[in-house]
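Written below as structure tokens is the structure these notes are about.
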Amino acid sequence: MNTNLKINIRPTTVSDVPLIFKFIKELAKYENLENHVTATEEIIKESLFGKKQYAEALIVEADSKPVGLVLFFHNFSTFIGKPGIYIEDLYIKEEFRGMGIGRKLFEYLSNLAKERNCGRIDWVVLDWNPARKFYEKMGAIPVDNWLIYRLTGDKLDELSENYQKSKN
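For the sequence shown, counting from 1, position 73 maps to 73 in UniProt numbering; every step adds exactly one.
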């Protein structure tokens with residue numbers, strides 16, 4: 001383990017879009033979800049840097065080489081009455097895992113959360129992902145008794161169409 005790496009975490013710019021998309025595809029491959037990626041570089045560009053910015057991203061560099069990405073956005077907890085940070089994607093290239101980069105990234109995000117008056121950071125992890133041990137060692141806890149639901153595709157379209165019809 002090389003602990004002498006110079007770690008830099010920086011906000012992304014529009015010129016990073018190809019790199020962001022590359023890391024998204026690498027993450028999808030690692031998670032065996034490659035066939036689920038329908039986003040394009042143009043969609044990522046518009047979503048991060050367009051008129052309405054839906055998310056933010058950070059690039060993690062080790063010795064000036066890009067080695068990871070975190071893509072996040074704000075949510076809001078009505079229970080604690082504060083915004084939060086929701087991590088959509090967190091990716092560190094495999095050969096750079098276990099070197100303290102992930103911890104440094106969470107320290108950065110935690111500081112950002114405090115600067116923005118956020119009460120928590122949330123994310124979802126696949127149940128088989130070995131990063132779970134890292135998250136728990138860092139102090140994160142799995143949230144019991146909660147399930148993730150997703151409405152997408154035809155069912156999302158159907159509900160939207162039903163609403164549109166009911167307005168007429």
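Glycine is no exception: its CB is placed at the ideal position from the N, C-alpha and C atoms.
Here the structure is a predicted model, which means the values were calculated and not measured.
For Val67 and Lys137, the gap between their C-alpha atoms comes out near 22 Å. Among the bridge pairs identified by DSSP, Glu61 is matched with Asn8 and Pro66. For Asn75, DSSP records a beta bridge to Gly84.
Here the alpha carbons of Ile24 and Glu56 stand approximately 14 Å from one another.
Per DSSP, Asp154 lies in no beta strand (DSSP E) segment; the continuous alpha helix (DSSP H) that holds it begins and ends at Gly153 to Lys167. Straight across, the Cα-Cα distance linking Lys22 with Leu69 is about 10 Å. Spatial neighbours of Asn8 in its own chain (CB-CB distance under 6 Å, excluding positions within 5 residues in sequence) are listed in chain order as Glu61. Where Ile121 is concerned, the enclosing beta strand (DSSP E) starts and stops at Arg120 to Trp123.
Spanning the alpha carbons of Tyr30 and Val14 requires a straight line of approximately 25 Å.
With a beta-carbon spacing of about 7 Å, Ser77 and Arg120 fall inside the 8 Å limit used to define contacts. For Ala28, the enclosing alpha helix (DSSP H) covers residues Val17 to Tyr30.
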